[in-house]
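S.K.: Dumping the structure here so I can ask a few things about it.
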Amino acid sequence: MIIKRKEFIQIGSLATASIMLPKFLKAFEGQAMVPAGNKVVVILQLSGGNDGLNTVIPIRNDIYYRSRPRLGIEKTKALSLTDEVGLHPALTGFKELYDDGSLGIMNSVGYPNPDRSHFRSMDIWQTASQSTEYVTTGWVGRYLDAQCSGCDKPTQAIEIDDVLSLAMKGQNINGIAVKDPKRLYGTANEKFFRDVLKNHKNEAGEKPVDYLYKTMAQTLSSADYIFQQSKLHPSSAEYPKTDLGNSMKTIASLIFSDINTKVYYVSLGSFDTHVNQEMQQQRLFTEMNEAVKAFVKDLKSNSRFNDVMLFTFSEFGRRVSQNASGGTDHGTANNMFLVSGGLKQKGLINPLPDLNDLDEGDLKYKVDFKNVYATILNKWLDADDKKILSNKYDHLNFI
Amino acid sequence: MSLTNQVKNQHLLWRAGFGPAVEELDDLSKFSSKQVYKGLVKASDKKPEYIDVADDYLKGLMLGIEEAGRQQKKEMPKEDKKMIQQKNREGVRSLNMYWMHEMVNSSAQLREKLSFFWHGHFACRNLNVFYQQGLLDAIRTNALGNFGDLLKAVSKSSAMLNFLNNQQNRKDHPNENFAREVMELFTLGRGNYTEHDVKEAARAFTGWGSNLKGEFMFRKFQHDSDSKTVLGKTGNFDGDKVLDILLEQKQTAKFISQKVYKFFVNETIDTEKSDWLADRFYKSNYDISGLMEDIFTSDWFYDEKNIGAKIKSPVELLVGIQRMLPMKLENEEALMLLQRVLGQMLFYPPNVAGWPGGKSWIDSSTLMMRMRIPLLINDADEMNVKPKDDDDQMMGRQNMENKEERKSLKGLIPRRQVINANIDWNLYVKNFENTEKEKLVDSISKILLQTKSAVDNDLIKQYSDAGSRESFIKTTTLQIMSTPEYQLC
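First to last, the protein sequences are chains A and B. Using my numbering, you'd call the opening residue of the first sequence number 1 and step up by one each time. Using my numbering, you'd call the opening residue of the second sequence number 1001 and step up by one each time.
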């Protein structure tokens, strides 16, 4: 009852506030609340190029150990999934997920003519473009364009960050970046901005100034909306006190609320392990492991794990051979983790990369990442993947 | 209603330069825009000086590599390698700051603005400061000259050849990247050539490369000297000849003119105007000065629909503020952070296609950040926003425990900070000494804004400090700069 009353009060105050908003913002008022069972995607970007071979380890492959005399992770240290395959020792939670049937591992994911620049390759992943074309919108952004043309709900895709990634930018609609719902755009000038907005009389039009006012209006009202929602059912679970831990807790709290968000985006890095790879990957994986573990536990105890699909990706993997500085250099294809209570295919979805069949020392990709996107867009988010990816990609069977 | 000289001149100065400077305010209504444009052209007459920011230590190290190369010693010491990377990164940062300083202070506004345009057109990411200096010099030198010369200078720059993998483009192993981008992004535009043209052109560029000093090298033994067919022409072409063939295509003039129109006039292209420009540009054999004169002296450039119609790019915004409010920054790093957070860091374009511009500058985070800048430079707000990591620059070092390593990333890893700008208000405030008190907000607005609409004067007054005339002028200025309207020019 207490919670109900709190909800009532908060929704009440939001409604009052919106009376003063310009007309084109009223879209928020009659907005359909999202029922449980609503599917959500959480994208975890491993920035910097995570070393996939030391993530999902071919523990009986001589070529692997020969190529990495110093960096190779011994069979006895890896968390073994099968006779052939082990996980990085820090990924204990992922091993539990594997045993539990809620982890899928997609190997050898990449794209034709891979690029080794972080920025460019990340661009390709975030825009879902071919490596020969330059696209200025992101795939989640285009999902927003397709899902809500004409509506003002940028909260459908939220990035937990100060700055919005290209992935989240559409032609007409952008997602919104929020590091902490409590101090969103916390600025000395906030009251002025609100007054400026209230004072603006023009309706939404075609001129750039209208676009700026529209973005400003969406930003401020989304900030309020997200803040209100984050307080509705704040997660009471324990999360690690790390950046990613905090972000995952924010995401969980929003998932438990009535917010209309379908896609959450969060990054961890840097996995750019040219030197001292062991220490660096260990540290980052520990952060990832603890945060994801707490997140899954939280979702399960709130019966939402079946509705959430978390996946990881990195702009590229690393070369098969170690370098001379205790690290690895930029490579090509990589693996992805899929975490959900609703996976159709579990465990190792496809074979480990063939280390006998390399392209000048690099793994060859077998699965185009755009097939993974298409599958998630179509089968999980029920969206028009062909339109969003401007191409038809075959759907995979993990959903 | 005909527009006043002040409105037209502000429009001209925002487009042909980085906005009016405080010392120009007096003249804005005195001269016609034709006269002002003449002045701009004259001020950009001189060949620019080479910007050399690389420190002697790095130069020494680079000479060392050369020496080592000559002696066939393959590996240089690890510390040297690391030092070279660090010094290069610092070098590119200094280059960034130096150039931005030029944009703010140079009277050669037209040249720097054109250079800024070409910097986005010939977008190049390269961590070698010598290469970047060379490319910037090629661009600034040719910015107002002949487009063919500019295209050739850029195509022969070590920065671009390396960035687009032409070092790997050899007779027996062609690499098409360079040839493809030259056609797609630098000259013809997508859809105006075939895959076969790319393949054949790539063969003509085989052997083009650079040495460690960044000088152009033609490696004859790597060059494919057989016959090629590009865009219907056949011969034993080399790279120069292929660039000539691309320039012979009228489509190149059309492609460049459209891009110029979008950048300098309006995001929405008026094809009648851009075709007229292309026609004349082509006939003039690609005279860039002529093209700019055609634009800035035409009546249609001053049409109301073109005024205040452009969203300032982050660099235009940051430079524009500093031209109006001369300031000394204790903490110049903050400018780098703002460039990154707002999505436009000089010398780090997103890719070879450059910054897409227009509406793409604006999302909820960047818009709010833009509107906070005026209070940030006045130390009334705190920079509490963290940009995304740039792994191409940081190479994983941001995680290092080692303090020295982290220190080397100065400007890349932010701390919570204030900007510590020391604004010199004297000239600015003086400009309003004869303005009646009731008209202050209005006349400040007119100088700062290019849009027809503005935030209500009464609202601005509510947030201004009326303690003294001077503080009123200052706070009013900062509040107006914090509005959506100020994002436009």
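Note that beta-carbon positions come from the ideal geometry of N, C-alpha and C, so glycine has one too.
So what's Val1170/B in DSSP terms, helix, strand or just coil?
M.R.: Start at 1 with the first residue of the second sequence, and residue 1170/B comes out as number 170. The sequence shown places Arg at residue 1170/B, not Val. Strand at Arg1170/B.
S.K.: Nearest CA to the CA of Leu81/A: which residue from Ile63/A, Ala383/A and Thr55/A?
M.R.: Numbered from 1 along the first sequence, position 81 holds the residue referred to as residue 81/A. Comparing Cα-Cα distances from Leu81/A to each of Ile63/A, Ala383/A and Thr55/A, the minimum goes to Thr55/A.
S.K.: Got a sec: is the Cβ-Cβ distance from Ile1362/B to anything in chain A below 8 Å?
M.R.: Against the second sequence, residue 1362/B aligns to sequence position 362. Ile1362/B counts as touching chain A.
S.K.: Thinking Ser1464/B and Thr1475/B are a contact (beta carbons under 8 Å), I'd like their distance in whole angstroms, please.
M.R.: Along the second sequence, one-based indexing puts residue 1464/B at 464. Along the second sequence, one-based indexing puts residue 1475/B at 475. About 4 Å separates the two Cβ atoms, so the contact holds.
S.K.: Check Ala383/A in the structure and name its three-state DSSP category.
M.R.: By 1-based counting over the first sequence, the position of residue 383/A is 383. The answer is coil: DSSP assigns Ala383/A none of H, G, I, E or B.
S.K.: Who are the Cβ neighbours of Tyr1286/B in its own chain at under 6 Å, not counting the five residues just before and after it?
M.R.: For the purposes of this step, residue 1286/B is taken as residue 286 along the second sequence, with counting starting at 1. Excluding positions up to five away in sequence, the list reads Asn1146, Phe1147 and Gly1148.
S.K.: Buried or exposed, going by whether 16 or more other CB atoms sit within 10 Å of the CB of Pro351/A?
M.R.: On the first sequence, residue 351/A is found 351 positions in, with the first residue counted as 1. Pro351/A is exposed by the Cβ-count criterion.
S.K.: By a C-beta neighbour count over all protein chains shown, 10 Å radius and 16 as the cutoff for buried, is Met33/A buried or exposed?
M.R.: Residue 33/A sits at position 33 when you count from the first residue of the first sequence. Reliability fails at Met33/A, whose pLDDT of 40 lies under 50, so the model's placement of it is uncertain and the value that follows must be treated cautiously. When all chains shown are included, Met33/A counts as exposed.
S.K.: So, at 7 Å on beta carbons, what are the nonlocal neighbours of Arg1370/B in its own chain, with the 5 sequence-adjacent residues on each side left out?
M.R.: On the second sequence, position 370 is the one that residue 1370/B refers to. Leu1317, Leu1342 and Gln1487, listed in sequence order.
S.K.: Just to confirm my understanding: we take Lys1228/B, look at its own chain, exclude 5 residues before and 5 after, and list those with CB closer than 6 Å. What are they?
M.R.: Indexing the second sequence from 1 puts residue 1228/B at position 228. Answer for Lys1228/B: Glu1200, Arg1203, Ala1204 and Phe1237, listed in chain order.
S.K.: Using a 10 Å radius around the Cβ and a threshold of 16 neighbouring Cβ atoms, would you call Glu29/A buried or exposed?
M.R.: As a position in the first sequence, residue 29/A is number 29, starting the count at 1. Its pLDDT being 36, under 50, Glu29/A is placed unreliably in this model, and the value from its coordinates should be taken loosely. Exposed, by the Cβ-count rule.
S.K.: Tell me which same chain residues have a C-beta within less than 8 Å of the C-beta of Glu1181/B, skipping the five on either side of it?
M.R.: To locate residue 1181/B, count along the second sequence from 1; it is residue 181. Closer than 8 Å at Cβ, skipping near neighbours: Leu1164 and Val1352.
S.K.: Taking 8 Å as the threshold (C-beta atoms), are Phe337/A and Leu53/A in contact?
M.R.: Translated into positions along the first sequence, residue 53/A becomes position 53. Translated into positions along the first sequence, residue 337/A becomes position 337. It is not a contact, given that the beta carbons lie outside the stated cut-off.
S.K.: If contact means a Cβ-Cβ distance below 9 Å, which residues of the region 120-132 of chain A contact chain B?
M.R.: Listed in sequence order: Arg120, Met122, Asp123 and Thr132.
S.K.: Keeping to the same chain, check which residues put their C-beta closer than 8 Å to that of Gly1017/B; ignore five residues upstream and five downstream.
M.R.: Start at 1 with the first residue of the second sequence, and residue 1017/B comes out as number 17. Around Gly1017/B: Leu1040, Gln1109, Leu1110, Glu1112 and Lys1113.
S.K.: Alpha carbons only, please: which of Thr286/A, Asp354/A and Ile176/A is nearest the one belonging to Ala217/A?
M.R.: As a working note, residue 217/A is residue 217 in the first sequence. With distances taken between Cα atoms, Ala217/A lies closest to Ile176/A.
S.K.: Quick check: what's the CA-CA separation for Met1368/B versus Ser222/A?
M.R.: What you label residue 1368/B is simply residue 368 of the second sequence in a count that begins at 1. What you label residue 222/A is simply residue 222 of the first sequence in a count that begins at 1. Cα-Cα distance, rounded: 13 Å.
S.K.: So is Ala1421/B buried or exposed if we call it buried at 16+ other beta carbons inside 10 Å?
M.R.: Stepping through the second sequence from its first residue, residue 1421/B is reached at position 421. Classification for Ala1421/B: buried.
S.K.: Give me the Cβ distance between Val263/A and Leu310/A, rounded to the nearest whole Å; I'm assuming they're in contact under 8 Å.
M.R.: Translated into positions along the first sequence, residue 263/A becomes position 263. Translated into positions along the first sequence, residue 310/A becomes position 310. Between Leu310/A and Val263/A the Cβ distance is about 11 Å, and since that is not below 8 Å, they are no contact.
S.K.: Can you tell which of Tyr265/A, Asp258/A, Leu343/A and Pro208/A has the C-alpha that lies nearest to the C-alpha of Tyr225/A?
M.R.: Residue mapping note: residue 225/A aligns to position 225 of the first sequence, counting from 1. Of the listed residues, the one whose Cα sits closest to Tyr225/A is Asp258/A.
S.K.: Output the distance between the C-alpha atoms of Trp1276/B and Gln1222/B, rounded to the nearest integer angstrom.
M.R.: Walking along the second sequence from the start, residue 1276/B turns up at place 276. Walking along the second sequence from the start, residue 1222/B turns up at place 222. Distance between the alpha carbons of Trp1276/B and Gln1222/B: 42 Å.
S.K.: With DSSP as the reference, please indicate the residues paired to Arg318/A in a beta bridge.
M.R.: The residue you call residue 318/A lines up with position 318 of the first sequence. DSSP, once it has assigned bridges, lists His330/A as partnering Arg318/A.
S.K.: Using a Cβ cut-off of 8 Å (strictly closer), state whether Gly110/A contacts chain B.
M.R.: To locate residue 110/A, count along the first sequence from 1; it is residue 110. It does not: the Cβ of Gly110/A has no partner Cβ on chain B nearer than 8 Å.
S.K.: Between Thr328/A and Asn276/A, what straight-line distance do the alpha-carbon atoms span, to the nearest angstrom?
M.R.: The residue given as residue 328/A occupies position 328 in the first sequence. The residue given as residue 276/A occupies position 276 in the first sequence. So the two alpha carbons sit approximately 9 Å from each other.
S.K.: For Pro1077/B, return the contacting residues in chain A, with the cut-off set at a CB-CB distance below 7 Å.
M.R.: On the second sequence, residue 1077/B is found 77 positions in, with the first residue counted as 1. Ordered by position in chain A, no residue passes the 7 Å Cβ test against Pro1077/B, which lies about 12 Å from the chain.
S.K.: List, in chain order, every chain A residue whose beta-carbon is nearer than 9 Å to that of Ser1482/B.
M.R.: Counting from 1 along the second sequence, the entry for residue 1482/B is found at position 482. Correct list: Asn189, Phe192, Phe193 and Val196.
S.K.: Quick check: what's the CA-CA separation for Ala90/A versus Asp1392/B?
M.R.: As a first step, residue 90/A is located in the first sequence; it is residue number 90 there, counting from the start. As a first step, residue 1392/B is located in the second sequence; it is residue number 392 there, counting from the start. So the alpha carbons of these two residues sit roughly 26 Å apart.
S.K.: Do we get a CB-CB distance below 8 Å when we pair Ala1108/B with the residues of chain A?
M.R.: The residue given as residue 1108/B occupies position 108 in the second sequence. Not one chain A Cβ lies under 8 Å of Ala1108/B.
S.K.: Quick one: what's got a C-beta closer than 8 Å to Gln171/A's C-beta in the same chain, skipping five residues either side?
M.R.: Numbered from its first residue, the first sequence carries residue 171/A at position 171. Here the set comprises Thr137, Gly141, Arg142 and Asp145.
S.K.: Among the residues of its own chain, which have a CB less than 6 Å from the CB of Ile43/A, if the five just before and after it don't count?
M.R.: Your numbering for residue 43/A matches position 43 in the first sequence. Cβ within range, chain order: Tyr265.
S.K.: For the region 1285-1317 of chain B, list every residue whose C-beta sits within 8 Å of some C-beta in chain A, in sequence order.
M.R.: The residues in question are Gly1308, Ala1309, Lys1310 and Ile1311.
S.K.: Do Gln281/A and Asp51/A count as a contact pair if the criterion is CB distance below 8 Å?
M.R.: For the purposes of this step, residue 51/A is taken as residue 51 along the first sequence, with counting starting at 1. For the purposes of this step, residue 281/A is taken as residue 281 along the first sequence, with counting starting at 1. Result yes, Cβ atoms of Asp51/A and Gln281/A sit closer than 8 Å.
S.K.: Report, in whole angstroms, the separation of the C-beta atoms of Phe271/A and Leu71/A, which I expect to be a contact under 8 Å.
M.R.: Start at 1 with the first residue of the first sequence, and residue 271/A comes out as number 271. Start at 1 with the first residue of the first sequence, and residue 71/A comes out as number 71. Not a contact, Cβ separation roughly 14 Å.
S.K.: Can you tell me the Cα-Cα spacing of Asp1389/B and Arg319/A, whole angstroms?
M.R.: Within the second sequence, numbered from 1, the residue matching residue 1389/B stands at position 389. Within the first sequence, numbered from 1, the residue matching residue 319/A stands at position 319. Between Asp1389/B and Arg319/A, the C-alpha separation is close to 22 Å.
S.K.: Which bits of chain A does Asn1457/B rub up against, with CB to CB less than 7 Å?
M.R.: Against the second sequence, residue 1457/B aligns to sequence position 457. Under the 7 Å cutoff, chain A gives no residues; its nearest Cβ is about 11 Å from Asn1457/B.
S.K.: Please list the partners that Ser222/A has in chain B, where partner means a Cβ-to-Cβ separation under 8 Å.
M.R.: The residue given as residue 222/A occupies position 222 in the first sequence. In chain order: Ser1364.
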